[in-house]
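Peer 1: Read left to right, the sequence shown gives residues 926 to 1009 (the working numbering). In this text, a Cβ means the ideal position worked out from N, Cα and C, and glycines have one as well. Model, not experiment: these values are computed from the prediction.
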Amino acid sequence: MQSIEASLVKRRVRAIEVFATRRDEHPPGPIEFYLQNGFYILRDDPQFPLLRLELKTLVGWQINIQFALDGLKIPARVRSGALA
């Protein structure tokens, strides 16, 4: 989940929304999985509730700093007469 979140943050996606299920056998996945991974119920439904994950609240400051550093393009210069 963390690598997906980091990739989406890099693309400036603010949130993930998913329709979950209250039963384990349906393809979208059980609601418990999403709730355990930081999603909250945006719109409740007896069968398929809509859940949302705000990416800015979960992404650590290290990831934000790494994206900022990745955006910096500082050329390294080597001096020919540098002291050893």
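1. DSSP has TYR965 in a bridge; who is on the other side?
2. Pull up the DSSP beta-bridge partners for GLU942, would you.
3. Assign PRO974 to buried or exposed, taking buried as 16 or more other Cβ atoms, counted over all protein chains shown, within 10 Å of its Cβ.
4. Between the Cα of SER928 and the Cα atoms of LEU980, ARG948 and GLU957, which residue gives the shortest distance?
5. Can you tell me the Cα-Cα spacing of ALA940 and PRO971, whole angstroms?
6. With distances taken from CA atoms, which of ARG937, GLN961, GLY954 and VAL943 is nearest LEU876?
7. Return the residue from the list ALA931, GLY963, MET926 and LYS935 that minimises the CA-CA distance to GLY996.
Peer 2: Quick answer:
1. ARG977
2. ARG977
3. buried
4. LEU980
5. 23 Å
6. Nothing in the structure corresponds to residue 876, since the chain is present only between 926 and 1009.
7. LYS935
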